[in-house]
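Comments concern the structure below.
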Amino acid sequence: DEIPSVALQEAIASAKILASETSIDLCFRLKQDVGSHALMGDTGFEQMDFLQACKFAEGDSRILMQKLARDRVRLTSPVGSSEEQQLTKELQEAMKGGAKAWDANFEKVYDLAWLVVQRNVASICPGTSVRLPCGLSKL
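Residue numbers (the numbering used here): 887 to 1025.
Now the structure itself:
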């Protein structure tokens, strides 16, 4: 029994976030496209709640994103794009003001986490681009 490497933990968290949020997003958009058909029984749409359950059973996406960002902020070596490095630096500076700075900078936290997800996807599946699922979009 050994703890997986940080790289593997990042890859797994990224996959969970992307798979659950994208599935929920795409199913919701499909439901909107088919209209009242989605309200009928035995169309499969009644199973959409299962995706929500998967999202939480696998670790809430927002919690996983905070973990990705926290782990990234703890790194002192430069990793990722210039944008990822800049956000990391900004959060590292903010954290010098105490733990409440994390909550005060929540948008940067989630932006950084999404950049980590994108980096992991690009590393595992070169040439693949991913868009931010609606469930993770900024309000």
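All C-beta atoms, glycine included, are put in the ideal place defined by N, C-alpha and C.
Residue i versus the options, residue with shortest Cα-Cα distance
i       : options                          : result
ALA980  : GLU969, TRP1000, ALA999, VAL959  : VAL959
ALA939  : LYS902, GLN1004, LEU973          : LYS902
VAL1003 : SER947, GLU976, PHE992, GLU888   : SER947
PHE992  : ALA955, ALA924, LEU1018, LEU961  : ALA955
LYS941  : LEU904, LEU998, ALA893           : LEU904
THR962  : ASN1006, LEU916, SER1015, GLN978 : GLN978
LEU937  : ILE889, ILE910, PRO890, PHE914   : ILE910
Where residue i sits in the DSSP three-state scheme
i       : result
ALA985  : coil
MET934  : helix
ASP887  : coil
ALA1008 : helix
THR974  : helix
LEU1001 : helix
C-alpha distance - residue i paired with residue j, whole-angstrom precision
i       : j       : result
SER922  : LEU950  : 35 Å
GLN918  : GLY983  : 45 Å
ILE1010 : PRO964  : 19 Å
TYR996  : GLY966  : 15 Å
GLY930  : ASP887  : 40 Å
MET834  : CYS1020 : Absent from the structure is residue 834, since the part of the chain shown begins at 887 and ends at 1025.
LEU973  : SER906  : 25 Å
ALA987  : LEU1001 : 20 Å
LEU1025 : MET926  : Any answer about LEU1025 is weak, because its pLDDT of 45 lies below 50 and its placement is not dependable; what the coordinates show is given next. Computed Cα separation, rounded: 31 Å.
ALA899  : GLU970  : 17 Å
ALA924  : GLU976  : 45 Å
Enclosing alpha helix (DSSP H) for residue i [first to last residue]
i      : result
ASP957 : 947-960
LEU904 : 892-920
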